[in-house]
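One structure is given below, encoded as C-alpha cells.
What follows is the structure, encoded as C-alpha cells:
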C-alpha cells in the first residue's frame, strides 16, 4: 500500500520537509515494507533564496546565483507542467533507484484543500485534483512585488529583478515605505550600490525594526542607516487615500499630517499575509487560525483536529521572530513526523518548545553593508561568521537544509 504525501509550497520549510522525508525513506529503504508517494506543488521551478532579494534587485549577477533550479538537486518520477522543456529537463532525472519512494512535481498553484483532496491549476484556468493521505502546508507569506517575484522560471525571475534595477537606475529619489527587516535591507542595498541617489526609508513607528528585539539593536540599526546617508522618516505615515499603493509608482508621497515627501520611485515593504486562501470552508472552520492569520498547531506541528495535516514555516503561530532558520526547523520536524506517523513511530517534539522560546534572534544587513546580529540578548556588529554567511545572504546554508548541491 502506498501512502500519499502532498507538500504545498517549495520554499524553505517545504523543501526542508521534502528533503527530510526523502532522506528518511532512502536511509531505511531496506527495512520498510510500505512505499510513499510525495508530491510537491509549487509554481516556481526552483528554490529562490528570498533572503537575498534586497541585493538581487540591484545586482543581476548576484540575483542569478539566488535561484537554484530543481533539476540541480531533485530527481522526479513524474512532472506536471505546462512547459514541455521543463518536463523533459526534470524527467531526465529519474528517481527509480528507490523502490519505496515516488517523487512527483506539479508546477502549479493550489486553489483548494480539503481534508483528503487538493485541487490545483497549472495555467490559472483549468483545474485538476489529487487525493492525499498526509499534507504539509508550507505556502508562507505573500509580500508586495518586487520582494515577492511572480516569475515561475529562472529566466522570468531574473527579468523581474532587471526591470526593477532599471527603474532604480532611472530614478534620483527612491522611497521605501516600511521599516521592517525587508525595508531596511532594501534601503541599505540600494544606497550601497547607488550612493549618489537619495534613498528614503519611511516608517510609521518611533523605532525600527518593529520586531521584538532589544533597544540596542534598534538604535544600532538606525545609526547604521543614518551613517549611510539614508533619510529615515520615523513616526511617519503615508496617506494611502492620496497615494498609489502600487510598487514602482513615480510620484511624491503625501503623509497623514499633510506633508509631502519628494520621490521618483516608491517601493512598499509594509504588508504581508499568510497564503491560506486555498483552505476549504470546512478546513477554515476546523483549523485554529489566529487573529494574525497564523495557524495554531500542536507541539508536533499537526493542525487542530487534523492529525494528517501539518503546517510549517511562516504559516504557524510562533512566539519568536519568524526566520528562514525557524522555517527549516519546522520543515525538518514535520517531515520527520509524517514519516514516523506512517510507520507507527513516536512523533517528535521540537528541540525548543514553541511555547517556551525565551529569546529572539535577528540578523539584518544595515547601512553600508554592516551586519547587525543579536541572539539571546547578545548584540554583535559584523561578527566574522555572519559576515561570511551573508556574502551570499546565507544561500550556502540554505542549500544544506534543502539537499541542494553546492556549485
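Numbering (full-length UniProt numbering), first residue to last: 1 to 407.
Each residue gets a CB set at the ideal place from its N, CA and C atoms; glycine is no exception.
According to the neighbour-count rule (16 or more other Cβ atoms, all chains shown, within 10 Å of its Cβ), is residue 334 buried or exposed?
buried
Counting C-beta neighbours from all protein chains within 10 Å, is the total for residue 13 16 or more, i.e. buried, or is it exposed?
Under this definition residue 13 is a buried residue.
Consult DSSP for residue 113 and reduce its assignment to one of helix, strand or coil.
It is a strand residue.
By the three-class DSSP mapping on this structure, what secondary structure does residue 395 have?
helix
Any idea what DSSP makes of residue 257, helix, strand or coil?
Here residue 257 carries a coil assignment [DSSP, helix/strand/coil].
State buried or exposed for residue 297, treating a residue as buried only when at least 16 other CB atoms are found within 10 Å of its CB.
buried
For residue 91, tell me which candidate among 108, 100, 99, 73 has the shortest Cα-Cα distance.
73
Near residue 255, what residues of its chain come up, given a Cβ to Cβ distance below 7 Å and the 5 sequence neighbours on each side ignored?
236, 237, 238, 239, 261
Does the distance from the CB of residue 415 to the CB of residue 387 come in under 7 Å?
Coverage of the chain is limited to positions 1 through 407, which leaves residue 415 absent and any answer about it impossible.
With 16 other CB atoms within 10 Å as the buried threshold, where does residue 160 fall?
buried
Work out the CA separation of residue 336 and residue 389 for me, nearest whole Å.
27 Å
Status (buried if at least 16 other CB within 10 Å, exposed otherwise) for residue 209
buried
With DSSP collapsed to three states, give me the class of residue 69.
strand
Do the region 15 to 23 and the region 80 to 90 touch if we need at least three Cβ pairs shorter than 8 Å?
no
Which same chain residues end up closer than 8 Å to residue 110 when comparing Cβ atoms and leaving out the 5 residues on each side of it in sequence?
Excluding sequence positions up to five before and after residue 110, its CB lies within less than 8 Å of the CB of 8, 41, 118, 119, 120, 139, 278, all in the same chain and listed in chain order.
Can you give the beta carbon distance from residue 314 to residue 327, rounded, assuming they're within the 8 Å contact cut?
7 Å
Excluding sequence positions up to five away, which residues of its chain have a Cβ less than 6 Å from the Cβ of residue 187?
176, 199, 201, 230
Please report how far the alpha carbon of residue 51 lies from the alpha carbon of residue 401, in whole angstroms.
15 Å
DSSP state of residue 273, grouped into three classes?
strand
Contact belief for residue 409 with residue 275 at Cβ below 8 Å, rounded distance in angstroms
There is no way to answer for residue 409, as the model of the chain reaches only from 1 to 407.
Cβ of residue 35 within 7 Å of Cβ of residue 133?
Taking 7 Å as the cut-off, the Cβ atoms of residue 35 and residue 133 do not count as close.
Rounded straight-line distance, which links the Cα of residue 383 to that of residue 281
48 Å
For residue 185, count neighbouring C-beta atoms within 10 Å of its own C-beta (all shown protein chains included) and say buried if the count is 16 or more, exposed if not.
buried
7 Å Cβ shell around residue 370 - same chain, five flanking residues per side excluded:
224, 381, 382
Whole beta strand (DSSP E) elements within the region 152 to 211, 3-residue minimum
173 to 177, 198 to 202
Residues bridged to residue 314 (per DSSP)
Answer is none; residue 314 lacks a bridge partner.
Apart from the five residues just before and just after residue 321, which ones in its own chain have a Cβ nearer than 6 Å to its Cβ?
211, 360, 362
Should residue 407 be labelled buried (16 or more other beta-carbon atoms within 10 Å of its own) or exposed?
Any reading at residue 407 must be qualified, since the residue scores a pLDDT of 43, below 50, and its modelled position is unreliable; the value itself is stated next. Residue environment analysis places residue 407 among the exposed positions, since fewer than 16 neighbouring C-beta atoms fall within 10 angstroms of its C-beta.
Which same chain residues, not among the five before or five after residue 288, have their C-beta less than 8 Å away from its C-beta?
295, 296, 303, 304
How about residue 226: is its Cβ closer than 6 Å to a heavy atom in the ligand MN?
The ligand MN is not among the ligands present in this structure, which contains no ligands whatsoever.
The beta strand (DSSP E) with residue 105 in it runs from where to where?
101 to 106 is the extent of the beta strand (DSSP E) around residue 105.
Short check: CB of residue 103 to CB of residue 77, under 7 Å?
yes
Looking at residue 173 and residue 263, is the spacing between their C-beta atoms short of 7 Å?
yes
What did DSSP end up calling residue 362 once you bin it into helix, strand or coil?
Reduced to three states, the DSSP call for residue 362 is strand.
Using 7 Å as the threshold, is the C-beta distance between residue 130 and residue 44 below it?
no
Hey, could you find the ends of the alpha helix (DSSP H) residue 285 is sitting in?
281 to 286
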